[in-house]
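Asker:
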DNA sequence: TTTCATGCAAACCGTTTGCATGGTG
DNA sequence: CACCATGCAAACGGTTTGCATGAAA
């Protein structure tokens with residue numbers, strides 16, 4: 001949280017109440033849609049505008065303070081920047097769990113990436129399938 | 001291409017001229033947006049509707065005949081189904097290129113996945129950064 | 001006191017849907 | 001000839017933008 005605030009002020013952006021609350025929500029963790037973020041913000045900022053949220057989210061993304069991705073239904077999700085994520089997404093229940101193993105750190109792709117002159121900033125690995133529970137339910 | 005047509009008819013879907021042309025475009029390869037697909041289709045199907053294209057794309061995705069992903073600007077891209085994809089997406093120009101190396105095939109995550117009882121269906125790896133050209137432009 | 005940020009509402013744009021028509025199996 | 005698929009146009013919903021107001025530095 002503190003580092004997020006510092007990142008924002010270091011970029012010459014003003015520290016408005018809205019921005020501080022937004023950073024608090026983001027610091028809380030999770031992949032949130034703009035709607036979900038606004039819902040949480042309204043608790044402390046009842047009149048905050050959706051436009052303000054979108055504008056700030058875009059600003060933060062451009063500065064690399066947070067990251068953004070689109071879920072399979074095409075809705076943007078935001079989260080405090082994690083430079084890499086490895087998710088297992090269950091096709092049965094939709095739950096996502098984070099995986100520890102990082103294929104990139106293992107150096108597996110290094111050769112191919114460097115061979116093509118590609119500079120990595122972040123990555124996101126999604127593995128889809130069925131979790132233990134949903135496998136059992138499917139077998140019934 | 002032939003296998004795509006077979007997959008469609010096997011599912012009990014009618015083989016309309018629009019669908020056949022759509023499959024031809026998809027068989028041509030690449031990650032295409034609906035707009036790009038329509039532009040190509042108009043050469044042979046001048047009156048084809050955007051709605052028809054979207055409807056068929058969604059149908060094909062649901063049947064697993066093609067796959068869909070959202071680029072960083074939130075626009076859907078479609079391609080003939082690959083059960084796994086490894087993409088490098090340039091943060092500068094937005095272009096995506098496919099990587100050959102597959103971290104999953106290398107067995108890196110096997111231990112973690114099997115340890116948790118997770119059954120893999122497909123996966124998608126996105127690596128973001130800057131391509132050679134955008135690195136040069138950024139240095140200017 | 002000068003910007004920059006906010007709120008509101010309207011515009012945008014990719015995508016979906018209702019409905020009547022047309023073509024496939 | 002029964003249905004599914006198509007085309008058109010309108011609706012939808014997430015996101016962006018113009019403009020006047022308000023607050024941070």
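Residue numbers (my numbering), protein chains in the order written: chain E, 1 to 140; chain A, 1 to 140.
All C-beta atoms in this analysis are idealised placements derived from N, C-alpha and C, irrespective of residue type, glycine included.
1. Considering only residues of the same chain and omitting the five flanking positions on each side of residue 57 of chain E, which have a CB-CB separation below 6 Å?
2. Assuming residue 5 of chain E and residue 15 of chain E make a contact with CB atoms under 8 Å, what is their CB distance in whole Å?
3. Listing by chain order, which chain A residues have their CB less than 7 Å from the CB of residue 60 of chain E?
4. Assuming residue 80 of chain E and residue 34 of chain E are in contact, meaning their beta carbons sit under 8 Å apart, how far apart are those beta carbons, in whole angstroms?
5. Show which residues of chain A have a CB atom less than 7 Å away from the CB atom of residue 70 of chain E.
6. Thinking C-alpha only, which one of E:30, E:54, E:25, E:68 is nearest residue 44 of chain E?
7. Can you tell me whether residue 19 of chain E is buried or exposed? The criterion is at least 16 other CB atoms within 10 Å of its CB, across all chains shown.
8. Kindly indicate which three-state DSSP category residue 4 of chain E falls into: helix, strand or coil?
9. What residue does the beta strand (DSSP E) around residue 14 of chain A start on, and which one ends it?
10. So, at 6 Å on beta carbons, what are the nonlocal neighbours of residue 71 of chain E in its own chain, with the 5 sequence-adjacent residues on each side left out?
11. Does residue 67 of chain A come out as helix, strand or coil in the three-state DSSP assignment?
12. Which partner residues of residue 79 of chain A appear in the DSSP bridge assignment?
13. If we ignore side chains and look at the alpha-carbon of each, how far apart do residue 1 of chain A and residue 114 of chain A end up?
14. Tell me, which residues are paired with residue 60 of chain E by DSSP?
15. Buried or exposed for residue 9 of chain A, going by 16 or more other Cβ atoms inside 10 Å?
16. First and last residue of the alpha helix (DSSP H) that includes residue 40 of chain A?
17. Leaving out five residues before and five after residue 48 of chain E in sequence, what residues of the same chain have Cβ atoms less than 8 Å from its Cβ?
18. Around the C-beta of residue 73 of chain E, are 16 or more other C-beta atoms found within 10 angstroms, so that it is buried, or is it exposed?
Answerer: Judging by the given coordinates:
1. Contacts found: 78.
2. Indeed they touch by this definition, with Cβ atoms about 7 Å apart.
3. Residues of chain A with a Cβ closer than 7 Å to the Cβ of residue 60 of chain E do not exist; the shortest Cβ-Cβ separation is about 15 Å.
4. Between residue 34 of chain E and residue 80 of chain E the Cβ distance is about 15 Å, and since that is not below 8 Å, they are no contact.
5. From the beta-carbon of residue 70 of chain E, the residues of chain A found nearer than 7 Å are 70, 74.
6. Comparing Cα-Cα distances from residue 44 of chain E to each of E:30, E:54, E:25, E:68, the minimum goes to E:25.
7. Counting of Cβ neighbours within 10 angstroms places residue 19 of chain E among the buried residues, the total reaching 16 or more.
8. Secondary structure at residue 4 of chain E: helix, using DSSP grouped into helix, strand and coil.
9. Looking at the DSSP string, residue 14 of chain A is not in any beta strand (DSSP E), and its letter there is neither H nor E.
10. Same-chain partners within the cutoff: 77.
11. Three-state result, residue 67 of chain A: strand.
12. Partner(s): A:67.
13. Spanning the two alpha carbons is a distance of roughly 35 Å.
14. According to the DSSP secondary-structure assignment, residue 60 of chain E is paired through a beta bridge with no residue.
15. Burial is judged here by how many other beta carbons sit within 10 angstroms of a residue's own beta carbon; residue 9 of chain A has fewer than 16 and is exposed.
16. Per DSSP, the continuous alpha helix (DSSP H) segment holding residue 40 of chain A begins and ends at 34–41.
17. For residue 48 of chain E, where only same-chain residues beyond five positions count, the Cβ hits under 8 Å are 18, 21, 38, 41, 42.
18. Under this definition residue 73 of chain E is an exposed residue.
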